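Heads up: the structure comes next, in structure tokens.
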Amino acid sequence: MSDGGIDSLFANHGELLDWLDVISVRPARPSTREQTFQRLLAAWATSKGVVTLRQLINSASTGPDALIGPIGESVEISQELADALHAIPDFSFEVRRNHLAFAYRGITGYAAYHCLSDEFAEMEAAIIARRPSTFGELHQILRGQV
Amino acid sequence: MTDPNRVLTDVAKSGGADVSKALDTLGDISASPDQYRNAMRTLGGIMADAFASMEPVSAHTVCLVMTVEDADFLGSGVIERLEKAGADLRITCLWNERINQKPWLDIAPIVQEYREPVPRDVDYLIVLKSIISGACVVKTNLQHMLEEITPKEIHVMAPVMLKGAEERLGKEFPPHIAQHFHYWALAVDAQKDEHGNVFPGIGGEVYTRLGLGGAQQKNAILPDVVARRMERGAVT
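Protein chains in written order, with this note's numbering: chain V, 1 to 146; chain G, 1001 to 1236.
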């Protein structure tokens, strides 16, 4: 939509869009495809030496932008964490490409770090230990302020 | 006296002395977070008053899109006055994560969103931001909304804009959309300082001036205005 270069690249390479949709955490839409592509470019530009595609994607998946899912076995969150999250009325969640996506009374969002990361493990430990009773308490932890 | 680097707009001139005072507070690095917050609130109210005096918002649906850092201050000022003017106001609050690791890479993906229901053909879409410089965040947020709604009018509102921001933002959209953008700014500044901040602008990074911490911390905030509207069931 915005950048002529990316627009023409996308228009001429439909397979690229399919591929971006495969690795993206977000619903397929032009703005997130463009951001996902640029995030990958940034990971490539900051990489050193020869990197595999897996390394590139995993590097681009490190938070807190929640654009790209890391390559790895699909995980489910622990029952303990699920129980703590279910305790907050109206809060719902799902794991999407190894990212925790959530919804609460008009808010939709993503945890700051993906489920395979050390930062997510810290968030999980904090939620289980503190058992937040309101979305406000939980929100800070989900955004990585443990 | 107005900084020679700054031009006040007609909207600012209609707001009187309060505009200059509030803009000066933003530029004053010794101003406390409370003073800064109040200045933002004042400027939001002034812009909303100017908007409501020119547009028949009463009984019309207005979708106000704002960032998390602006919501309780600049945003609250706008909300209060638009509701007073009789607008049927629906707010969207967006949490943007800024990524600018390289000179050519500047993206602001939305990591969280609060959205009140908006008719697809909403009467007015207002995208609000404390300052528009490179226009990356405004572009992202506007693009995000326009993928879902087709507003009859699109308004971009900011107390301070960097000279040329209108053209930069317009170039990001097809001409048939960009030509319908209406801008509501109070001051247009011509320069940036050595840190890349617009000068005098809004006195540096808005998160820290508001007392919200840095770019990471501000995204952990749940604005009071959002919490209040959630509790009263604005999304049902």
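C-beta atoms are modelled at their ideal positions from N, C-alpha and C, and glycine is treated no differently.
This one's a predicted model, so the numbers in the text were calculated from it and none came from an experiment.
- Taken in chain order, the complete alpha helix (DSSP H) segments of 4 or more residues contained in the stretch 1072 to 1116 of chain G are 1076 to 1084.
- Beta bridge pairing from DSSP links methionine 1157/G with Leu1128/G and Trp1184/G.
- Counting along the chain, histidine 99/V sits inside the beta strand (DSSP E) bounded by residues 99 to 104.
- Taking a C-beta distance under 8 Å as the contact criterion, glutamate 119/V and glycine 63/V qualify as a contact pair.
- If only uninterrupted beta strand (DSSP E) runs of at least 3 residues are considered, those enclosed by the stretch 1170 to 1227 of chain G are 1181 to 1189.
- Residue pairing for glycine 109/V: DSSP places it in a beta bridge opposite Phe102/V and Gln1112/G.
- Residues of chain G whose Cβ lies closer than 8 Å to the Cβ of proline 89/V do not exist; the shortest such Cβ separation is about 12 Å.
- For threonine 1002/G and serine 24/V, the gap between their C-alpha atoms comes out near 48 Å.
- In terms of CA proximity to glutamate 1148/G, Pro1119/G leads the group Met1157/G, Pro1119/G and Ser1130/G.
- Contact check between the stretch 1076 to 1086 of chain G and the stretch 1099 to 1109 of chain G: fewer than three CB pairs, one atom from each, fall below 8 Å, which does not count as touching.
- Inter-residue distance for proline 1117/G and leucine 1089/G is about 10 Å (C-alpha atoms, whole angstroms).
- Boundaries of the beta strand (DSSP E) harbouring cysteine 1063/G: 1061 to 1067, taken from the DSSP string.
- In the DSSP assignment, serine 31/V falls within the alpha helix (DSSP H) that extends over 30 to 45.
- For the pair leucine 1125/G and cysteine 1063/G, the CB atoms are nearer than the 8 Å cut-off.
- Of the residues assessed, glutamine 35/V falls on the buried side of the cut-off, its CB having 16 or more other CB atoms within 10 angstroms.
- The residues Ile141 and Val146, in chain order, have a CB closer than 7 Å to that of alanine 126/V in the same chain once the five nearest residues on each side in sequence are set aside.
- A Cβ-Cβ contact shorter than 8 Å links methionine 1066/G with leucine 1128/G.
- By the criterion of a C-beta distance shorter than 7 Å, phenylalanine 93/V is surrounded in its chain by Leu85, Leu100, Ala101 and Phe102, once the five residues flanking it on both sides are discounted.
- Here the stretch 1190 to 1197 of chain G makes no contact with the stretch 1011 to 1026 of chain G; the two share fewer than three CB pairs at distances below 8 Å.
- The alpha-carbon separation between serine 1133/G and threonine 46/V amounts to approximately 25 Å.
- Each residue's CA atom was taken as its position, placing leucine 40/V and glutamate 15/V some 16 Å apart.
- Rounded to the nearest angstrom, the gap between the Cα atoms of glycine 1203/G and glycine 1170/G is 26 Å.
- Contact between the stretch 1184 to 1191 of chain G and the stretch 1156 to 1164 of chain G is present, with at least three C-beta pairs closer than 8 Å.
- Scanning Phe37/V, Ser31/V, Gly72/V and Asn12/V for the CA closest to the CA of glutamine 55/V turns up Gly72/V.
- Per the C-alpha coordinates, the member of Gly1044/G, Gln1112/G, Ala1050/G and Asn1096/G positioned closest to glutamate 1080/G is Gly1044/G.
- Inclusion of glutamate 1069/G and lysine 1218/G in the CB contact set at 8 Å is warranted, their separation being smaller than that value.
- Listed in chain order, the positions of the stretch 92 to 116 of chain V with a beta carbon within less than 7 Å of a beta carbon of chain G are Arg105, Gly106, Ile107, Thr108, Gly109 and Tyr110.
- Within a 10 Å sphere around the beta-carbon of isoleucine 1107/G sit 16 or more other beta-carbons, which makes this residue buried.
- In the DSSP assignment, serine 92/V falls within the beta strand (DSSP E) that extends over 92 to 96.
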